[in-house]
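Just so you know, we're using the UniProt record's numbering here: the sequence shown kicks off at 1 and counts up by one.
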Amino acid sequence: MTIRDEQLVADLKALRKGRGILAGSITARVGEALRTATGTHGVEHAVEVRRRVAECLWRWAGELPDDLRIAVRAAFALDQSDQLPLYKDRVRLVAERLNRDERTARRRIDEGIERLAEVARSGAPLTEFPPAEPVPGWHTEELRVTLALDQPTPEAFEFRRIVADHDRIEHVDLAITLTAPLGANGPARTDDLEIDVFHGGRLTAREMESTDRFGFRLTLPKPLRRHESHQIGLRFKIRPDRTMAPHYVCVPKHRCAEFDLRVRFDVRRPPERIWRLVNAFQRDVDDPQPRGETIPLDASGEIHTSFHELTPGLAYGIRWHRTTGTAGS
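Dropping the structure here:
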C-alpha cells in the first residue's frame, strides 16, 4: 500500500483524540495508513499494536525541532508525564511547556503531525539514542495496599500482581511519592523512606526522581514470559522525623486493572472527614476545598475502598482532614 501524506495525517489526527495512544480499542483507532507506516497490519493484539505505534511515534518525533517534538509527544500522550485523559488538557500542557497560548499550541501540534507524516514516509533513521519505552512491557493486574497510621510512624504494605506483556521481563521500575505537609520537612532524601522487599525480587537500584518521588528497581527472580503473572510484596516506612500530607493515592503510569486500599487510623485521634478520590487530577489532591464522596470510619478506625481500570495519570485513593496533631500521612 502506498501511503499518502493526507491519509496518514488524518489517521494521526484521529488517534490524538481522547486518551491518545492510551485509548481503549486501540486496534480500531489505528487507521490503514498508520498501520502501514508502523508495520502493524495483521497485528490484532491491543498491547502489541499500542507498543509498536507508540515506539514509531516517539522515534518520528525525535526527528522534529524541539517545539514540535514537545507538542506531538504530549498530543499523543507518549510520555508518562503527558498521560492526561482529555486532548484539551494535553493542549493546555503543551501551551504551558512552550510558554504560548492554547491556539498557538494547537497550531504547533498540527504542524508537528504534518511533519510526522513526512518523516514516516521518508523512512527516517531511528534517533541515535533509543527513548524510554512508553509502554513498559508489563502492567499491574492487582494492587493491594494496607496503610497503618496508628503506628509511631506510618507504614504501607503493598502487594502487587503484575502480568508481562512481552517476553523476558527481567525487572520492574516503580516509584512512590512522599508528599510533606506545606511548610514541613524540606526536600526528601533517599534515606527518608525504608523499602523492604518481602517477596518477588531484589531491590537493585533506587534514586530520587524529583524532590519528593522515590524511584526504585526490582530485579525479578527470573525473566517473565509474555502473559505470565508475578507477585511482589513490599513494605514502605518513613523516617520518624518525617511527616506525610493527609492523603494516600495511586497515580498509575500504565495500566492498573484493580487497586484495593485499606487504611487504619488511630482511633484516639481520628480524622474529622475522609474523602474518596476517583479520576482526580494530581493538583486536586491538595486542593483546599475537597470534593467528592465521603467515607465513614468503622469501629476499628479503618476504611476500605477499591477502584477498577484506573486511568493512567489520574489519582485514586483517599484524603482526610486532621483534627489536631500529626497522626496520619
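Beta carbons: idealized from backbone N, C-alpha and C, even for Gly.
Residue 136 versus residue 49 - alpha carbon distance
Roughly 14 angstroms between the two C-alpha positions.
Which whole runs of the beta strand (DSSP E) in the stretch 159-226 are 3 residues long or more, in chain order?
169-177, 193-199, 202-208 and 213-224, all fully within the stretch 159-226.
How would you label residue 151, buried or exposed, when you count the other beta carbons within 10 angstroms and need 16 or more for buried?
Counting the other Cβ atoms within 10 Å of the Cβ of residue 151 gives fewer than 16, which makes it exposed.
How big is the Cα-Cα spacing for residue 14 and residue 72?
If you take the alpha carbons of residue 14 and residue 72, they lie about 13 angstroms apart.
I need the DSSP call for residue 23, collapsed to helix, strand or coil.
Correct three-state label for residue 23: coil.
Excluding the 5 residues flanking residue 293 on each side, which residues of the same chain have their C-beta closer than 6 angstroms to its C-beta?
Taken in chain order, the residues that qualify are 276.
Can you name the start and end residues of the beta strand (DSSP E) that residue 317 belongs to?
Note, residue 317: beta strand (DSSP E), 315-321.
Quick check: the stretch 167-179 against the stretch 205-212, are there 3 or more CB pairs under 8 angstroms?
At 8 angstroms Cβ cutoff, the stretches touch.
Of the residues 270, 256, 302 and 267, the one placed nearest residue 312, counting alpha carbons only
When only C-alpha atoms are compared, the closest one is 256.
Cα-Cα separation between residue 125 and residue 59, rounded to whole angstroms:
Confidence at residue 125 is low in this model, with a pLDDT of 36, below 50, so its placement is unreliable and no value can be given for it.
When the Cα atoms are used, what is the spatial distance from residue 158 to residue 69?
Residue 158 and residue 69 have their C-alpha atoms some 37 angstroms from each other.
What's the gap between the Cα of residue 269 and the Cα of residue 322?
Taking the straight line from one Cα to the other gives about 8 angstroms.
Where does the unbroken beta strand (DSSP E) through residue 7 begin, and where does it stop?
Careful: residue 7 lies outside any beta strand (DSSP E), inside the alpha helix (DSSP H) at 5-15.
Bounding residues of the beta strand (DSSP E) (the contiguous stretch that carries residue 148):
Here the beta strand (DSSP E) through residue 148 covers 138-148.
For residue 95 and residue 118, what's the separation of their Cα atoms in angstroms?
Approximately 24 angstroms between the Cα atoms of the pair.
Contained alpha helix (DSSP H) runs [length at least 4] in the stretch 29-56, N- to C-terminal order:
DSSP runs (the alpha helix (DSSP H)) wholly in the stretch 29-56: 32-38.
DSSP state of residue 261 mapped onto helix, strand, coil
Here residue 261 sits in strand by DSSP.
Rounded C-alpha distance that separates residue 305 from residue 161:
Going from the Cα of residue 305 to the Cα of residue 161 covers about 18 angstroms.
If we ignore side chains and look at the alpha-carbon of each, how far apart do residue 316 and residue 65 end up?
Rounded to whole angstroms, the gap between the alpha carbons of residue 316 and residue 65 is 36 angstroms.
Residues of its chain near residue 164, where Cβ-Cβ distance is below 6 angstroms and the 5 sequence neighbours each way are ignored
Cβ neighbours of residue 164 beyond the five flanking positions: 138, 224, 226 and 228.
Please report the Cβ distance between residue 36 and residue 53, rounded to the nearest whole angstrom; I am assuming they are in contact, meaning their Cβ atoms lie under 8 angstroms.
Going by Cβ atoms, the distance from residue 36 to residue 53 rounds to 12 angstroms, so no, they are not a contact pair.
Rounded Cβ spacing between residue 259 and residue 143 (contact assumed at less than 8 angstroms):
Contact flag correct, Cβ pair sits at about 5 angstroms.
Determine the DSSP secondary structure at residue 267, reduced to helix, strand or coil.
In the three-state reduction of the DSSP assignment, residue 267 falls in the coil class.
Taking the beta carbon of residue 247 as the centre, do at least 16 other beta carbons fall within 10 Å, making it buried, or is it exposed?
A buried status is given to residue 247, since no fewer than 16 other beta-carbon atoms sit within 10 Å of its beta-carbon.
Is residue 68 helix, strand or coil when you go by DSSP?
Note: residue 68 maps to helix in three-state DSSP.
Please classify residue 277: does DSSP put it in a helix, a strand, or coil?
In the structure shown, residue 277 sits in a strand (DSSP, three-state: E or B).
Other residues of its chain near residue 217: CB distance less than 6 angstroms, five sequence neighbours each side excluded
By the criterion of a C-beta distance shorter than 6 angstroms, residue 217 is surrounded in its chain by 171, 173, 204 and 205, once the five residues flanking it on both sides are discounted.
Cα-Cα separation, residue 11 to residue 199
Using only the alpha carbons, I get a separation of about 45 angstroms.
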